[in-house]
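Data first, discussion second: the structure below is written as structure tokens.
4 protein chains.
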Amino acid sequence: MNGNPAAIPGQTAHRYDLRVYYEDTDAGGIVYHANYLRFAERARTEALRALGIPHAVLVRDHHRMFVVRRVKLDYLRPARLDEPLSVLTDPRALGAASIRLRQDIVGVEGVCAAALIDLACVSTETGRPARIPPAWRDALKGWEQAAPPGPEPLGGAAGEDGTKGGSAAGD
Amino acid sequence: MNGNPAAIPGQTAHRYDLRVYYEDTDAGGIVYHANYLRFAERARTEALRALGIPHAVLVRDHHRMFVVRRVKLDYLRPARLDEPLSVLTDPRALGAASIRLRQDIVGVEGVCAAALIDLACVSTETGRPARIPPAWRDALKGWEQAAPPGPEPLGGAAGEDGTKGGSAAGD
Amino acid sequence: MNGNPAAIPGQTAHRYDLRVYYEDTDAGGIVYHANYLRFAERARTEALRALGIPHAVLVRDHHRMFVVRRVKLDYLRPARLDEPLSVLTDPRALGAASIRLRQDIVGVEGVCAAALIDLACVSTETGRPARIPPAWRDALKGWEQAAPPGPEPLGGAAGEDGTKGGSAAGD
Amino acid sequence: MNGNPAAIPGQTAHRYDLRVYYEDTDAGGIVYHANYLRFAERARTEALRALGIPHAVLVRDHHRMFVVRRVKLDYLRPARLDEPLSVLTDPRALGAASIRLRQDIVGVEGVCAAALIDLACVSTETGRPARIPPAWRDALKGWEQAAPPGPEPLGGAAGEDGTKGGSAAGD
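Structural data, given as structure tokens:
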């Protein structure tokens, strides 16, 4: 798990920093679980901008947009009010009309939440799948190829995911 | 997939109804993806209340709380402004200090989002796992035993989940 | 202040009930202040629906929408997790392209937040002010005329608003 | 109205920059009105930090916190997806247990929303008003004294606020 990106050679994760405000917390005193998806979306937006392929241009010039198709999200430790967080975003798989991203939200003591996000490229008019335009595809391809090889199980530590290898009920 | 709960004999899903307001939507004109987790949490809260084991009492009298440990969430079709939604909540697996729920958010044309939610029972003082108190456990057990048997793959229709059976990178 | 609407003869306030969930609270253990505006908006939507003039129809058939132009919001007591709240909505002034509403969010011990909301009717195409269509106007007029007469200062009890009568900087 | 802070000699407003993401928008294609209060709160938090009097320390060491007592908020023009915004925060009045701030949320074409926010300092244990601790008070005093003199009506340009000078019902 890449809680410390600096320690990982060839690290290509995009990093987006934010801070936890009252709006992000709940009465349990910690970040409300749904809000990690808000943080992840901010980070994806900035990652695309940093790659030179802003999402807003995709919508405006190509009438296509990325929408979230699937989320897997592990909550590993709570983030707290005022805590500085980093969202590390890495490509995992690139299709003709889809992309899978790994996004880790990292706090001062390590990873708070680890996500796999499957995005689909769809037409803004029909909502149906549409190929990723060449410029976006090329940039994503370059990002993906620079990413560290090999699968990386969601949740990090082996054995944490009790549903692996023959998962049972409902998984 | 139980888009139409009335059609399913022995249906034990708890049903929570809500409507989509502006606050729930985004500039794409549809429900913002993170907000399905808000809807699911409202439904869980009401399901526990309906079972006679309110979460607030768990916190107040037992100093324990359920926290979300893992989420798997498939987005199947967008929900829109003003659309009436139902959240159907079913137990899937009950442990000493955990429970897995299946939650489907169903709109007028079918399931919009299908979730598997793993909850952990933790101490409100230490944040560490703690056994589910007997009254909560008994009620959850009764609910689980009334639920339909057999695994039900997330995402519903077979083959929809392209990552099943030999899933690749990072799943 | 109408904390107890039943006690007020001729009460015409629309009442919308809701409950406070974790999503609504913050690390202070109370409802996050911005969320009262979300509650108020839900209530406005349902008030229009109850009057037979749904906002969605205004948008779809008349290409007009109500947008918030001004908010005055007094926070009187905190609402807490699990608390049942009612939003009481009353018309205060009706213009050709605007309406002012009084909205009180009432909890178990009285009014939690009292709002005055100025809405403008605008064209969905241009965003510019547009006359309220006759059917909406007639229904709003009937609602307004049924409302209790006389001004009702925001914040309720006289003297609560320290800025009244010679208000200083920036009020 | 200080839409262009650079044009104002002796400008002491704290400036906090942010960007509009999908999470902030609604189906109308613009920033959801309640979210300006979220932006304003982020900015207040950073303003206190920049003054060397972080809110978190106030809570931890003094068992006091600032809570919002009253909000006046004018919506002047919509902010849109991806738009860079600045929140300009200025002190307006300082009491023993309260402070009034002016906060303008400024977009690329000018002020989107202008707020007056009244904060009360309260005990975290009792929720009752409590004096602002000396260090916080001194820093706020210095900030206030550096601020431009004179009242500045909310809403900016004269005549914009149609309710001024003899305002009627409920204002």
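Chains as they are written, first to last, in the numbering used here: chain A, 2 to 172; chain B, 2 to 172; chain C, 2 to 172; chain D, 2 to 172.
Just so it is clear, CB atoms sit at the ideal spot from N, CA and C, and this is done for glycine as well.
Taking only three categories from DSSP, how would you classify His15/B? Correct three-state label for His15/B: strand.
Distance cut-off 7 Å: Ser87/B Cβ against heavy atoms of the ligand SAM: The ligand content of the structure shown is nil, which means the ligand SAM is not present either.
Check whether the Cβ of Ala7/B lies closer than 8 Å to any Cβ atom in chain C. Note that Ala7/B scores 36 on pLDDT, short of 50, meaning its location in the model is unreliable and no value can be drawn from it.
According to a CB-to-CB cut-off of less than 8 Å, which residues of the region 61-75 of chain A neighbour chain B? Correct list: Met66, Val68, Val69, Arg70, Arg71, Val72, Lys73, Leu74, Asp75.
Can you give me the C-alpha to C-alpha distance between Glu161/A and Ala116/C, rounded to a whole angstrom? In this prediction, Glu161/A has a pLDDT of 33, which is less than 50 and means its spatial position is unreliable; nothing more can be read from the coordinates.
Test: Leu82/B CB closer than 8 Å to a CB of chain D: Yes, Leu82/B lies at the interface with chain D (some Cβ there is under 8 Å from its Cβ).
Proximity of His15/D and Ala57/D at Cβ, strictly below 8 Å: The answer is no: Cβ separation not under 8 Å.
Which whole-angstrom value describes the C-beta separation of Phe179/B and Leu120/B, a residue pair presumed to lie in contact below a C-beta threshold of 8 Å? What is shown of chain B runs 2 to 172, which leaves residue 179/B out entirely.
If we cut at 8 Å on Cβ distances, does Gly108/B have a partner in chain A? Residue-level contact by beta carbon fails for Gly108/B and chain A, as no gap is shorter than 8 Å.
Should Arg101/B go down as buried or exposed, given a rule of 16 or more other Cβ atoms within 10 Å for buried? When all chains shown are included, Arg101/B counts as buried.
Strictly below 7 Å CB to CB, what residues from chain B border His15/A? Within chain B, no residue comes near His15/A; the closest Cβ sits about 16 Å away, beyond 7 Å.
Contact set for Gly96/B: own chain, Cβ-Cβ below 6 Å, skip 5 residues either direction: Excluding the 5 residues flanking it on each side, Gly96/B has no same chain C-beta neighbour closer than 6 Å.
Curious, which full-length alpha helix (DSSP H) runs of at least 4 residues does the region 41-79 of chain A contain? Every alpha helix (DSSP H) stretch that sits fully inside the region 41-79 of chain A and reaches 4 residues is listed by chain position as 56-63.
My parser needs the alpha helix (DSSP H) runs of 4 or more residues fully inside the region 77-160 of chain A; what are they? Counting only runs of 4 or more, we get 135-147.
Close beta carbons around Leu82/C, own chain, < 6 Å, minus the five adjacent residues each side: Around Leu82/C: Val21, Thr26.
CA-to-CA distance, Pro79/C to Thr127/D, given in whole angstroms: Approximately 12 Å between the Cα atoms of the pair.
Got a sec: which bits of the region 31-43 of chain D sit with their beta carbon under 8 Å from any beta carbon on chain A, in order along the chain? Contacts with chain A (Cβ-Cβ distance below 8 Å) from the region 31-43 of chain D involve Arg39, Glu42, Arg43, listed in chain order.
Rounded to whole angstroms, what's the CA-CA distance from Arg132/B to Pro85/C? Just pull it up for me. Going from the Cα of Arg132/B to the Cα of Pro85/C covers about 29 Å.
Can you pull the chain A neighbours of Pro79/B, defined as C-beta to C-beta under 9 Å? Result: Val68, Gly128.
Can you tell me whether Ala147/B is buried or exposed? The criterion is at least 16 other CB atoms within 10 Å of its CB, across all chains shown. The residue in question, Ala147/B, is exposed, as its Cβ has fewer than 16 Cβ neighbours within 10 Å.
With a threshold of 8 Å on Cβ separation, who are the neighbours of Ile54/B within its own chain once the five nearest residues in sequence on each side are excluded? Sequence-distant partners of Ile54/B (beyond 5 residues in either direction) whose C-beta falls short of 8 Å from its own C-beta, in its chain, are Ala136, Trp137, Ala140, Leu141.
Report all residues from its chain with a CB closer than 7 Å to the CB of Thr46/A; omit the five preceding and five following residues, and keep chain order. Residues of the same chain with a CB within less than 7 Å of the CB of Thr46/A, apart from the 5 flanking positions on each side, are His56 in chain order.
Since I believe Ala44/A is in contact with Val88/A (beta carbons under 8 Å), could you give me their beta-carbon distance rounded to a whole number of angstroms? At roughly 4 Å, the Cβ-Cβ gap stays under 8 Å, so Val88/A and Ala44/A are in contact.
Taking Cβ positions only, does Gly29/A come closer than 8 Å to chain B? By this cut-off, Gly29/A is an interface position.
Do Ala35/D and Gly30/B have their beta-carbon atoms positioned less than 8 Å apart in this structure? For Gly30/B and Ala35/D, no; Cβs fall outside 8 Å.
Take Cys113/C and list the residues in its own chain whose beta-carbon comes closer than 8 Å to its own, dropping the five residues that flank it on each side. By the criterion of a C-beta distance shorter than 8 Å, Cys113/C is surrounded in its chain by Val32, Tyr37, Tyr76, Leu77, Arg78, Pro79, Ala80, Leu86, Ile106, Val107, once the five residues flanking it on both sides are discounted.
Interface residues of chain C around Thr46/B at Cβ under 9 Å? Within chain C, the residues near Thr46/B are Arg20, Tyr22, Tyr23, Asp83.
If you count every other CB in all the chains shown that lies within 10 Å of the CB of Ala7/B, and 16 or more means buried, which is it? Confidence at Ala7/B is low in this model, with a pLDDT of 36, below 50, so the placement of that residue should be treated as unreliable; the coordinate-derived value is given next. So Ala7/B ends up on the exposed side.
Which listed residue (Ala51/A, Pro130/A, Tyr23/A) has its alpha carbon closest to that of Thr90/A: Nearest of Ala51/A, Pro130/A, Tyr23/A to Thr90/A, Cα basis: Ala51/A.
Could you check whether the Cβ of Thr26/C sits closer than 8 Å to any Cβ belonging to chain A? By the rule that beta-carbons nearer than 8 Å mark a contact, Thr26/C touches chain A.
Please check if any C-beta of chain C sits within less than 8 Å of the C-beta of Ala57/B. Answer yes: the Cβ-Cβ gap between Ala57/B and chain C drops below 8 Å somewhere.
Option nearest Glu145/B by Cα separation, candidates His64/B, Thr125/B, Arg70/B, Arg103/B: The closest CA to that of Glu145/B, considering only His64/B, Thr125/B, Arg70/B, Arg103/B, is found on Arg103/B.
Alpha-carbon spacing of Pro130/A relative to His63/B, whole angstroms: Going by the C-alpha atoms only, they are around 49 Å apart.
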